[in-house]
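For reference, the structure is listed below as structure tokens.
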Amino acid sequence: MSVGIVVVSHSRALADAAVELARQMLPGRELAVEVAAGTEDGGLGTDAMAVSAAIEAADGGEGTVVLMDLGSAVLSAETALEFLPDDVRERTTLSAAPLVEGLVGAVVVAAGGASREQVAAEAARGLAPKEAQLR
Amino acid sequence: MSVGIVVVSHSRALADAAVELARQMLPGRELAVEVAAGTEDGGLGTDAMAVSAAIEAADGGEGTVVLMDLGSAVLSAETALEFLPDDVRERTTLSAAPLVEGLVGAVVVAAGGASREQVAAEAARGLAPKEAQLR
Amino acid sequence: MNPEELTAWLRRFAELVHEHRDELTALDSAIGDADHGANLDRGMTAVLAALQEAPPADAAALLKKTGATLVSKVGGASGPLYGTLFLRMAGAVDGGFAPALRAGFDGVLARGKAEPGDKTMVDALGPACDVLDAGGSVAEAAQAAADGRDATVPLVARKGRASYLGERSAGHADPGATSTALLLRAAAETLR
Amino acid sequence: MNPEELTAWLRRFAELVHEHRDELTALDSAIGDADHGANLDRGMTAVLAALQEAPPADAAALLKKTGATLVSKVGGASGPLYGTLFLRMAGAVDGGFAPALRAGFDGVLARGKAEPGDKTMVDALGPACDVLDAGGSVAEAAQAAADGRDATVPLVARKGRASYLGERSAGHADPGATSTALLLRAAAETLR
Ligand SMILES: Nc1ncnc2c1ncn2[C@@H]1O[C@H](COP(=O)(O)OP(=O)(O)O)[C@@H](O)[C@H]1O
Ligand SMILES: Nc1ncnc2c1ncn2[C@@H]1O[C@H](COP(=O)(O)OP(=O)(O)O)[C@@H](O)[C@H]1O
Ligand SMILES: [Mg+2]
Ligand SMILES: [Mg+2]
Ligand SMILES: [Mg+2]
Ligand SMILES: [Mg+2]
């Protein structure tokens, strides 16, 4: 089992495209990556209940790392924690990492069997490749 | 005239969705935001010539701030600089800021008439709202 | 408190939100993403539908359902914030409106981490709670919320989307403080 | 160098890339995003089409067009890298193949900021340039590039997508070093 990844965004299109980009790095490999994005009617927004469901779906026992786009998505994700069973909540990490850049690194190390702490740390250094290239 | 913004991504869908999300913060306001994303055949990739054209299109005289998704997008953007007229190149800033988070802040301050340095600085602090919310 | 008076309050709030939908959106258009009216209208419409569909047995269940609906349906930052307000009220409603609203306010503070003066709904909700805790009437609390909303006009936003605007956020009332003033006005019109 | 021999080189490289497309993609599938074969095949197909459409008058113009086409059509990191290689070769081609390739290699280093041992195309291109600069034949340079490619197998990637894998990138040849070995093999087969 690997750590699961959850993408919380105001935009369904953004989340789906980010996941597609990241999954490129997993040719033929499996990983639970769940999306909670957009409002029910297809607009821009987040839904704490959808985040909660996505976390439960992505959690295979090793916990999840949750990436969010903007501050209000963080509020929804924090609220989502309240609706999770205690054991699932305790193994959920909300990450302030850059959504797109962090996701790519996170899926690679998660698929490699890294721990939740390692996945979150890799997401957090998501800007490093761009910074190194621009130095 | 405002500073223009350019979004360079491997994914056209990702770039378009990020711009839609950011433009929400500019109800009724104008701003040049150009996208260079994806390969000609709709696949995932970047194109230095398309980046160059996007920078020229976004530059209204005050220069541009260019946001990129991953390291290889930085290589394309750096290559794109070679194909720009000297004056345009000199007022182009390539930013290592988080693509989505930085873009939202960048468009708001750019639309407010900020300088290129201010726009780049705002993009660079794109993770601050998430970090503050998660502290 | 009984479910009937709470339902009356929520109905009136939904009505006021619907009436002021465009005004709330216009305020959010000046310093945000132009959706606060649409967000809250969608959320409160969903709340009324949920309460209608399966009327909760008691006040706590009703507030819980209200909160759970808002965190799901509003879409913006005000969703988890108003949602948490009602979820926390559910745990304190046995003591009456004043302690329930105070518990809700504490929930909003914990969720959003805003401080008074950050130009948020906190600036309308806090003064209302203070009035109630000091023994004031709900009408007086509603007036305090309206004054708090007005006092957000000159403030520079330090939380939420409006904070992206920096100094440019000054000169406009905060959308969330404005809707909170409506929440208290609805209370003054429906609760004794 | 004349445009005819350069065209022969590029044609042969395009052929080899096309033949090894699946192998390059399989290598990139192990430590990247499984597109290097498709990327370079698309890029070199576009190069041949561009050269055919409007045959450049001299070697420099031909190399420039090749580079400009690759930076546009490849899509991956190898686009700006191979593109820069050819663009810089254009400025040094008057001195012959060896100084041109060295100038191209310097361009790749400046563009990608990789160092020898980072498990990239640099590890195949650098040794080839060293052989040529020391007066070796193009065939010897091609052998050095192939050896450089083989030497990437145990390395841990420190640049490009493969670097996301950390230690897990060891045990596989680098896709870009593999295609660079093909570029030098094509040179050995077409240039004296
Ligand atoms: N961290 C926070 N703490 C308290 N209130 C906040 C916070 N962030 C935003 N708000 C309130 O939410 C309102 C905006 O709500 P809304 O427009 O529905 O959400 P969004 O800004 O996500 O579009 C603001 O006017 C403000 O009153
Ligand atoms: N910064 C760099 N410097 C030198 N070579 C690099 C660099 N980044 C990537 N490469 C080369 O590019 C190859 C990958 O090319 P390709 O798969 O076409 O691009 P991408 O990785 O963007 O999908 C790698 O195998 C490596 O040899
Ligand atoms: Mg809003
Ligand atoms: Mg919103
Ligand atoms: Mg690749
Ligand atoms: Mg690629």
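Chains as they are written, first to last, in full-length UniProt numbering: chain A, 1 to 135; chain B, 1 to 135; chain C, 1 to 192; chain D, 1 to 192. We put the beta carbon where it would ideally sit given N, CA and C, even for glycine.
Secondary structure at residue i, three-state DSSP: helix, strand or coil?
{"i": "L67(B)", "result": "strand"}
{"i": "G45(A)", "result": "coil"}
{"i": "L84(B)", "result": "coil"}
{"i": "T92(B)", "result": "strand"}
{"i": "V8(A)", "result": "strand"}
{"i": "E117(A)", "result": "helix"}
{"i": "V74(C)", "result": "coil"}
{"i": "V156(C)", "result": "coil"}
{"i": "P175(D)", "result": "helix"}
{"i": "G117(C)", "result": "coil"}
{"i": "P127(C)", "result": "helix"}
{"i": "Q24(A)", "result": "coil"}
{"i": "L137(D)", "result": "At residue 137(D) the sequence reads Ser, which differs from the Leu that was named. Of the three classes helix, strand and coil, the one that applies to S137(D) here is coil, per DSSP."}
{"i": "D33(C)", "result": "coil"}
{"i": "L127(B)", "result": "coil"}
{"i": "E78(A)", "result": "helix"}
{"i": "N2(D)", "result": "coil"}
{"i": "P99(C)", "result": "helix"}
{"i": "L87(C)", "result": "helix"}
{"i": "L191(C)", "result": "coil"}
{"i": "E56(A)", "result": "helix"}
I'd like to know whether the C-beta atoms of residue i and residue j end up nearer to each other than 8 Å.
{"i": "residue 207(D)", "j": "R42(D)", "result": "Nothing can be reported for residue 207(D), as the shown portion of chain D is limited to 1 through 192."}
{"i": "A14(D)", "j": "V47(D)", "result": "yes"}
{"i": "residue 141(A)", "j": "S95(A)", "result": "Given a span of 1 to 135 for chain A in the structure shown, any question on residue 141(A) remains unanswerable."}
{"i": "A22(A)", "j": "L134(A)", "result": "no"}
{"i": "R21(D)", "j": "A186(D)", "result": "no"}
{"i": "V108(D)", "j": "V122(D)", "result": "yes"}
{"i": "G112(A)", "j": "R161(D)", "result": "no"}
{"i": "V108(B)", "j": "Y164(C)", "result": "yes"}
{"i": "G76(D)", "j": "D35(D)", "result": "yes"}
{"i": "S72(B)", "j": "G38(B)", "result": "no"}
{"i": "T180(C)", "j": "A124(C)", "result": "yes"}
{"i": "P3(D)", "j": "D58(D)", "result": "yes"}
{"i": "A170(C)", "j": "V156(C)", "result": "yes"}
{"i": "I55(A)", "j": "T93(A)", "result": "no"}
{"i": "R116(A)", "j": "G63(A)", "result": "yes"}
{"i": "L27(D)", "j": "T178(D)", "result": "yes"}
{"i": "P175(C)", "j": "L62(C)", "result": "no"}
{"i": "A123(A)", "j": "V65(A)", "result": "yes"}
{"i": "V100(A)", "j": "A18(A)", "result": "yes"}
Chain C partners of residue i, CB-CB under 8 Å?
{"i": "E78(A)", "result": "P80 and R111"}
Assuming residue i contacts residue j (C-beta within less than 8 Å), just tell me the rounded distance between them.
{"i": "D147(D)", "j": "R102(D)", "result": "Not quite, the Cβ-Cβ distance comes to about 18 Å (not below 8 Å), so this is no contact."}
{"i": "V6(B)", "j": "A36(B)", "result": "7 Å"}
{"i": "L87(C)", "j": "K113(C)", "result": "Contact doesn't hold; Cβ gap of about 17 Å is too wide."}
{"i": "D33(C)", "j": "Q118(B)", "result": "Incorrect: roughly 21 Å between the Cβ atoms, too far for contact."}
{"i": "L127(B)", "j": "P98(B)", "result": "6 Å"}
{"i": "L184(C)", "j": "A145(C)", "result": "4 Å"}
{"i": "S78(C)", "j": "L16(C)", "result": "Contact doesn't hold; Cβ gap of about 15 Å is too wide."}
{"i": "E5(C)", "j": "L191(C)", "result": "6 Å"}
Using a cut-off of 7 Å between C-beta atoms, extract the partners of residue i located in chain C.
{"i": "G105(B)", "result": "Y164"}
{"i": "A96(A)", "result": "Here the premise fails: no neighbours, minimum Cβ distance about 13 Å."}
Along chain A, in chain order, which residues have C-beta atoms closer than 8 Å to that of residue i?
{"i": "T84(C)", "result": "T79"}
Below 9 Å on C-beta distance, what does residue i contact in chain A?
{"i": "A133(D)", "result": "According to the sequence provided, residue 133(D) is Asp. The question's Ala does not apply to it. Near D133(D) there are no residues of chain A at all, since even the closest Cβ is about 28 Å away, more than 9 Å."}
Starting from residue i, find everything on chain B with Cβ-Cβ shorter than 9 Å and list it in chain order.
{"i": "residue 143(A)", "result": "Missing from the structure shown is residue 143(A); chain A here goes from 1 to 135 and no further."}
Determine which residues share a DSSP beta bridge with residue i and list them.
{"i": "E34(B)", "result": "V6(B)"}
Going along chain A, which residues have a C-beta under 7 Å from residue i?
{"i": "L74(B)", "result": "For the record, residue 74(B) in the displayed sequence is Val; it is not Leu. K130, Q133 and L134, listed in chain order."}
{"i": "R161(D)", "result": "M25"}
{"i": "residue 197(C)", "result": "An answer regarding residue 197(C) cannot be provided, because it is not within the stretch 1 to 192 covered by chain C."}
{"i": "R168(D)", "result": "G112"}
{"i": "A18(B)", "result": "L14"}
So which residues on chain D does residue i lean against when the C-beta distance must stay under 9 Å?
{"i": "G28(A)", "result": "S29 and A34"}
Would you mind telling me which residues of chain B sit closer than 7 Å to residue i, beta carbon to beta carbon, in chain order?
{"i": "A181(D)", "result": "Within 7 Å Cβ-Cβ: nothing; A181(D) doesn't reach chain B, min ~21 Å."}
Which bits of chain C does residue i rub up against, with CB to CB less than 9 Å?
{"i": "V35(B)", "result": "Here the premise fails: no neighbours, minimum Cβ distance about 20 Å."}
{"i": "T92(A)", "result": "Those do not exist, as T92(A) stays about 16 Å from chain C at its closest Cβ, beyond 9 Å."}
I want to verify the contact list: residues of chain D whose CB lies under 8 Å from the CB of residue i, in sequence order.
{"i": "V108(A)", "result": "Y164 and L165"}
Give me the chain B residues within the contact set of residue i, using Cβ-Cβ distance strictly less than 8 Å, ordered along the chain.
{"i": "L84(A)", "result": "The contacting residues do not exist; L84(A) stays about 17 Å from chain B at best."}
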